[in-house]
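Sequence order for the protein chains is A and B. Mapping of the first sequence onto this note's numbering: position 169 corresponds to residue 169, and the numbering continues sequentially without gaps. Mapping of the second sequence onto this note's numbering: position 264 corresponds to residue 530, and the numbering continues sequentially without gaps.
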Amino acid sequence: MIGDVIVRSLRERSPLIPVEALLGNCDGSRMPEIVADRLTQAIVQRLVEVCPTAALGVEDHEGRRRLRLSYSRCIGCGKCAEAGQEAVIVAKHFPRCGVTKEQTVRLWDIDGRAEVTPLAPSPEEARGQIHWLLQRALNIRQLDAGSCNGCETEITALANPYYDLERFGIHFVASPKHADMLLVTGPVTRNMAEAVKATYEVVPAPKLVVAVGACGCSGGIFTGSHAIVGAVDAVIPVDGYIPGCPPTPTMLITGILEVLRRRMAK
Amino acid sequence: MKENAPASFPEGEGSVGNTLTIPRTKGGATARLVTVFGSLGPRGEKLVHYVFDVGELPYSQIAFPGYGPIRSIAREIPAAAWHERELHDQYGIEIVGHPDLRPLVFHDNWPDGVYPMIDSVDGVPWSNREYSFLQVQGDGIAEVAVGPVHAGIIEPGHFRFSVVGDTILHLELRHFYAHKGTEKLFEGRSPVDGAMLAESVSGDNCFAHAVCYSQAVENACRIDAPPRALAIRLIGLELERLVCHISDLGGLCTDVGFSVAAAYATRLKESLLQASVQCCGTRYWRGVSVPGGLRFDLDSTKVAGLVQAVTRASRDFSDIAHMILETPSIQNRFETAGVLSMEAARDLGVVGPVARASGINLDVRRDHPYGRYGNCSMKVPVTHYGDVMARARIRIAEVAVSLGLIQETGKSLPEGGVLAPAAAQRDVQGFSAVESPRGELCYWLQARGGRLTRCHIKSPSFQNWPAMPLAVEGNIIADFPLINKSFNLSYSGCDR
Numbered sequence: 001m002i003g004d005v006i007v008r009s010l011r012e013r014s015p016l017i018p019v020e021a022l023l024g025n026c027d028g029s030r031m032p033e034i035v036a037d038r039l040t041q042a043i044v045q046r047l048v049e050v051c052p053t054a055a056l057g058v059e060d061h062e063g064r065r066r067l068r069l070s071y072s073r074c075i076g077c078g079k080c081a082e083a084g085q086e087a088v089i090v091a092k093h094f095p096r097c098g099v100t101k102e103q104t105v106r107l108w109d110i111d112g113r114a115e116v117t118p119l120a121p122s123p124e125e126a127r128g129q130i131h132w133l134l135q136r137a138l139n140i141r142q143l144d145a146g147s148c149n150g151c152e153t154e155i156t157a158l159a160n161p162y163y164d165l166e167r168f169g170i171h172f173v174a175s176p177k178h179a180d181m182l183l184v185t186g187p188v189t190r191n192m193a194e195a196v197k198a199t200y201e202v203v204p205a206p207k208l209v210v211a212v213g214a215c216g217c218s219g220g221i222f223t224g225s226h227a228i229v230g231a232v233d234a235v236i237p238v239d240g241y242i243p244g245c246p247p248t249p250t251m252l253i254t255g256i257l258e259v260l261r262r263r264m265a266k
Numbered sequence: 267m268k269e270n271a272p273a274s275f276p277e278g279e280g281s282v283g284n285t286l287t288i289p290r291t292k293g294g295a296t297a298r299l300v301t302v303f304g305s306l307g308p309r310g311e312k313l314v315h316y317v318f319d320v321g322e323l324p325y326s327q328i329a330f331p332g333y334g335p336i337r338s339i340a341r342e343i344p345a346a347a348w349h350e351r352e353l354h355d356q357y358g359i360e361i362v363g364h365p366d367l368r369p370l371v372f373h374d375n376w377p378d379g380v381y382p383m384i385d386s387v388d389g390v391p392w393s394n395r396e397y398s399f400l401q402v403q404g405d406g407i408a409e410v411a412v413g414p415v416h417a418g419i420i421e422p423g424h425f426r427f428s429v430v431g432d433t434i435l436h437l438e439l440r441h442f443y444a445h446k447g448t449e450k451l452f453e454g455r456s457p458v459d460g461a462m463l464a465e466s467v468s469g470d471n472c473f474a475h476a477v478c479y480s481q482a483v484e485n486a487c488r489i490d491a492p493p494r495a496l497a498i499r500l501i502g503l504e505l506e507r508l509v510c511h512i513s514d515l516g517g518l519c520t521d522v523g524f525s526v527a528a529a530y531a532t533r534l535k536e537s538l539l540q541a542s543v544q545c546c547g548t549r550y551w552r553g554v555s556v557p558g559g560l561r562f563d564l565d566s567t568k569v570a571g572l573v574q575a576v577t578r579a580s581r582d583f584s585d586i587a588h589m590i591l592e593t594p595s596i597q598n599r600f601e602t603a604g605v606l607s608m609e610a611a612r613d614l615g616v617v618g619p620v621a622r623a624s625g626i627n628l629d630v631r632r633d634h635p636y637g638r639y640g641n642c643s644m645k646v647p648v649t650h651y652g653d654v655m656a657r658a659r660i661r662i663a664e665v666a667v668s669l670g671l672i673q674e675t676g677k678s679l680p681e682g683g684v685l686a687p688a689a690a691q692r693d694v695q696g697f698s699a700v701e702s703p704r705g706e707l708c709y710w711l712q713a714r715g716g717r718l719t720r721c722h723i724k725s726p727s728f729q730n731w732p733a734m735p736l737a738v739e740g741n742i743i744a745d746f747p748l749i750n751k752s753f754n755l756s757y758s759g760c761d762r
């Protein structure tokens, strides 16, 4: 009976994850992290070979070879961590969610064994904004541009009692006309391209667009298919990128809050 | 488009040649159609493959020349209708006598006469061809168009309702908005590398796809995955089913406004996803199954921890599920809503929990055992009401079955390696079927010179979608989300 369900539910301890433990958490995404002082030319060569989506690559910079890691392409398969002889580990902390596309790329000087990209925004900064965030409302319209539904299952999880996105005043709304932000998943398929543009058009300004998942950020594993147009930014302007295949709920929250923070900093 | 052989089509009943003789079961009934797909032979000639379930252990596979027109079997077996439309879209095979050959996979933007499985797909121009929906005419009939962008966190698809007042007279689906050309993307990959792409066919069933793909390669290359890998796969597959079914019951509660129960279900689901991270590093078991077994071994104590978490969550679920179903307002909404008759389900070759809720006793795990399922005894829950309540009850019963299978397998986890070495065979074909949470999932693949030349995916959603409109007819439009949820079909799995 209905009363039994409520009693049972009230008896349980709240599983709500505190904000401090959410931001930057990426457990379960298998995002890679480079251990710079273990890099060698041979290991880098191997890493580039095993990466299925060309997220890892090598580029020349003024005569020096650099390792390039594009998180927007990474599907978290973990092959680099297997092949990397401890030069790659699974990241424990991943703040590059909701950042610009440039910030999803990291570079290492291979012989110098050092990262040459600036640090990602720290979760400390985002934390400073929490009080502000808690006073605000944000309406999100989720838009599936052709995803495999992996990202949708994780976005749906944001409403569960562990993550409770509503505590930040963030709601999912049914119409793009009510939305401040579009959360777009999937590579944009040919068959969805028109609907994606039309949806973007009816969101009232100022509109924020966040590309979610490897497919939304870069086309991911579907790059090169005749049936897709490309990443979300091939069709509409994008304000922030949340990598991962799929990004975990904590990465989604980190990313959504980071996009808001950047918007406010402008 | 070039034909490799002169078109020929025999006339008259009973003639052979290009007319398929539909297999029958021992009892004389028409065999259940599993899938129809095209491929190219060694000289580039088109072939049409039919797979049937004739009620025996192996599936019955028939390959058939497709370079001339073929006769549609959709009037005798309605389950073939979408398959034949897809075949026509992908290969340009002429199909004679099909009741509805409108484009299925490609929309208005795709030009006529470009068939991606045989033609070049570089820079296909944008087109603007016509598509017409079925018009239901009469006094007071209105059309309601929904989608492809829906009012929730849902995949894209289009529903065209014809209603009188609130009552649905007819529903026409237009899907394939999530079509990503996945089958074509397999081509040219090494068979070992395809599992990752298979995982992205339907994200919430990614492990079933990875295992089914892995098994198809193993069957093709005659690789025996080690017993420990098979046992861990079984645990992963049953966990995925359990997570899906728990989530589905929560979704049904959401759709009738019972939010406390819905929140409880999401909490149980999340506890299992977090337990998976502890056990294998990812929430949905991505990157675990590969051809030959598993990419890495899972620690036995961690597996035991997972089994404990599953036991706890399943028991909680069982308690709450019974409380939910005893709630009168739930009974009022679930019972008699969205009835799918056994006849309709059979005609359309419906599979999985939806079939079992409409009286069709079908389960790949029992009927065509794979992996470690041959060692397990399992009960397949079946009921015949065919309504939303029946589909909810089947899922609740299946959670208990899955828990039993996980506990049984977890207790006697074999020791040893988890990955058999890849074989060097180069020109191979393989088929595999798995009971995914949504039902029978099949992969058929072919490799030449060590590279995939074809990979066909028959997803349960592709098979079940055409049945959903039949279940909503006569219901009110406000019950549509509930009925749709009770089918819980994947758009991406269908559209690929």
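Ideal Cβ positions, reconstructed from N, Cα and C, are used throughout, including at glycine.
| query | Can you tell me whether residue 348(B) is buried or exposed, with buried defined as 16 or more other CB within 10 angstroms of its CB? | reply | Taking the first residue of the second sequence as position 1, residue 348(B) is located at position 82. Result: buried.
**Prompt:** Run through DSSP, which three-state label would residue 115(A) get?
**Reply:** The count along the first sequence starts at 1 and reaches residue 115(A) at position 115. In this structure, residue 115(A) counts as strand in the three-state DSSP scheme.
message = Between residue 4(A) and chain B, is any beta-carbon pair separated by less than 7 Å?
response = Here residue 4(A) corresponds to residue number 4 of the first sequence, with the count starting at 1. At least one chain B Cβ lies under 7 Å of residue 4(A).
- Query: Does the pairing of the segment 180-193 of chain A with the segment 461-481 of chain B give three or more beta-carbon distances under 8 Å?
  - Reply: no
> Taking all protein chains shown into account, do 16 or more other C-beta atoms lie within 10 angstroms of the C-beta of residue 416(B), making it buried, or fewer, making it exposed?
Replying inline: Here the question's residue 416(B) lines up with position 150 in the second sequence. Burial call: buried.
Exercise for review: Quick one: give me the first and last residue of the alpha helix (DSSP H) that residue 331(B) is part of.
Suggested key: As a position in the second sequence, residue 331(B) is number 65, starting the count at 1. Here residue 331(B) belongs to no alpha helix (DSSP H); instead the beta strand (DSSP E) covers 326-331.
DSSP state of residue 42(A) mapped onto helix, strand, coil: Taking the first residue of the first sequence as position 1, residue 42(A) is located at position 42. Helix, per DSSP.
Unbroken beta strand (DSSP E) run spanning residue 267(A), endpoints:
Since the first residue shown for chain A is 1 and the last is 266, residue 267(A) is missing from the structure and cannot be characterised.
**Q.** Contact set for residue 251(A): own chain, Cβ-Cβ below 7 Å, skip 5 residues either direction
**A.** Taking the first sequence and counting its residues from 1, one reaches residue 251(A) at position 251. If we look at residue 251(A) and ignore the five residues flanking it on each side, its Cβ neighbours are 26, 29, 94, 97, 242 and 244.
Short CB-CB distance (under 7 Å) between residue 683(B) and chain A = Counting from 1 along the second sequence, the entry for residue 683(B) is found at position 417. Chain A contact via Cβ: absent.
* DSSP on residue 420(B), reduced to helix/strand/coil? -> One-based indexing of the second sequence puts residue 420(B) at position 154. In this structure, residue 420(B) counts as coil in the three-state DSSP scheme.
First and last residue of the uninterrupted alpha helix (DSSP H) at residue 585(B): On the second sequence, residue 585(B) is found 319 positions in, with the first residue counted as 1. Its alpha helix (DSSP H) spans residues 566-591.
query = Hey, quick one: how far does the alpha helix (DSSP H) through residue 440(B) stretch, first residue to last?
reply = Taking the first residue of the second sequence as 1, we reach residue 440(B) at position 174. Per DSSP, residue 440(B) belongs to no alpha helix (DSSP H); it is in the beta strand (DSSP E), 433-440.
Integer Cβ distance of residue 685(B) from residue 560(B), believed to fall under 8 Å:
Here residue 685(B) refers to the residue found at position 419 when the second sequence is read from its first residue. Here residue 560(B) refers to the residue found at position 294 when the second sequence is read from its first residue. Indeed they touch by this definition, with Cβ atoms about 6 Å apart.
With residue 32(A) as the anchor, note down where its beta strand (DSSP E) starts and where it stops. By one-based count along the first sequence, residue 32(A) stands at place 32. Residue 32(A) -> beta strand (DSSP E) spans 32-34.
| request: Find the residues of chain A that neighbour residue 463(B), judging by a C-beta separation of less than 7 Å, and give them in chain order. | output: The residue given as residue 463(B) occupies position 197 in the second sequence. Those are 221, listed as they occur along chain A.
Once you ignore the five residues that flank residue 107(A) on each side, which residues in its own chain have a CB closer than 6 Å to its CB?
As a working note, residue 107(A) is residue 107 in the first sequence. If we look at residue 107(A) and ignore the five residues flanking it on each side, its Cβ neighbours are 66, 68, 116 and 117.
What are the residues of the segment 432-444 of chain B that lie near chain A, defined by any Cβ-Cβ distance shorter than 8 Å? 442, 443 and 444
Point to revise | Outcome for residue 393(B) when other beta-carbon atoms lying within 10 angstroms are tallied against a minimum of 16 | key: By one-based count along the second sequence, residue 393(B) stands at place 127. Burial call: exposed.
Assuming the contact rule is C-beta atoms closer than 8 Å, residue 674(B) and residue 642(B) should be a hit. Round their C-beta distance to whole Å, please. Position 408 of the second sequence, counted from the first residue, corresponds to residue 674(B). Position 376 of the second sequence, counted from the first residue, corresponds to residue 642(B). Indeed, because the Cβ distance is near 6 Å, the residues count as touching under 8 Å.
Exercise. Using the beta-carbon count (16 or more within 10 Å), is residue 512(B) buried or exposed?
Worked result: By 1-based counting over the second sequence, the position of residue 512(B) is 246. Classification of residue 512(B): buried, given that the 10 Å Cβ count is 16 or more.
Which bits of chain A does residue 545(B) rub up against, with CB to CB less than 8 Å? Here the question's residue 545(B) lines up with position 279 in the second sequence. Ordered by position in chain A, no residue passes the 8 Å Cβ test against residue 545(B), which lies about 11 Å from the chain.
*Determine which residues of the segment 497-508 of chain B have a Cβ less than 7 Å from any Cβ of chain A, and write them out in chain order.*
none
Q. Looking at residue 436(B) and residue 428(B), is the spacing between their C-beta atoms short of 7 Å?
A. Here residue 428(B) is taken as the residue at index 162 of the second sequence, counted from 1. Here residue 436(B) is taken as the residue at index 170 of the second sequence, counted from 1. Yes; because the gap between Cβ atoms is below 7 Å, this pair is in contact.
Margin query: How far does the alpha helix (DSSP H) with residue 444(B) in it extend, from its first residue to its last?
Written below: On the second sequence, position 178 is the one that residue 444(B) refers to. Careful: residue 444(B) lies outside any alpha helix (DSSP H) and carries neither H nor E.
- In whole angstroms, what separates the C-alpha of residue 714(B) from that of residue 370(B)? Position 448 of the second sequence, counted from the start, is the residue given in the question as residue 714(B). Position 104 of the second sequence, counted from the start, is the residue given in the question as residue 370(B). Straight-line Cα distance between these residues: approximately 29 Å.
Where DSSP assigns a beta bridge to residue 710(B), which residues make up the other side? The count along the second sequence starts at 1 and reaches residue 710(B) at position 444. Bridge partners of residue 710(B): 697(B) and 722(B).
Let me know the secondary structure DSSP gives residue 748(B) once reduced to three states.
For the purposes of this step, residue 748(B) is taken as residue 482 along the second sequence, with counting starting at 1. Helix, per DSSP.
Using beta-carbon positions only, say whether residue 110(A) and residue 48(A) come within less than 7 Å of one another. Within the first sequence, numbered from 1, the residue matching residue 110(A) stands at position 110. Within the first sequence, numbered from 1, the residue matching residue 48(A) stands at position 48. Not a contact, by the Cβ cut-off of 7 Å.
With distances taken between CB atoms, is the gap from residue 202(A) to residue 176(A) smaller than 7 Å? Working through the first sequence from its first residue, we reach residue 202(A) at position 202. Working through the first sequence from its first residue, we reach residue 176(A) at position 176. Yes, the Cβ-Cβ distance between residue 202(A) and residue 176(A) is below 7 Å.
- request: Measuring only between beta-carbons, confirm whether residue 267(B) sits less than 7 Å from chain A.
  value: Numbered from its first residue, the second sequence carries residue 267(B) at position 1. Low confidence applies to residue 267(B): its pLDDT is 31, below 50, so where it sits in the model is not reliable enough to give any reading.
* Asked: Can you list, in chain order, the residues of its chain whose CB lies under 7 Å from that of residue 222(A), leaving out five sequence neighbours each side?
  -> Locating residue 222(A) in the first sequence gives position 222, counting from the first residue. For residue 222(A), where only same-chain residues beyond five positions count, the Cβ hits under 7 Å are 187, 215 and 228.
request  = Helix, strand or coil for residue 312(B), going by three-state DSSP, please let me know.
outcome  = As a first step, residue 312(B) is located in the second sequence; it is residue number 46 there, counting from the start. Strand, per DSSP.
Compare the C-beta of residue 150(A) against all C-beta atoms of chain B and say whether one is closer than 7 Å.
For the purposes of this step, residue 150(A) is taken as residue 150 along the first sequence, with counting starting at 1. By this cut-off, residue 150(A) is an interface position.
- Query: Between the C-alpha atoms of residue 102(A) and residue 239(A), what's the straight-line distance to the nearest angstrom?
  - Reply: Residue mapping note: residue 102(A) aligns to position 102 of the first sequence, counting from 1. Residue mapping note: residue 239(A) aligns to position 239 of the first sequence, counting from 1. Spanning the two alpha carbons is a distance of roughly 11 Å.
- Item | Proximity of residue 705(B) and residue 648(B) at Cβ, strictly below 7 Å | Working through the second sequence from its first residue, we reach residue 705(B) at position 439. Working through the second sequence from its first residue, we reach residue 648(B) at position 382. No; because the gap between Cβ atoms is not below 7 Å, this pair is not in contact.
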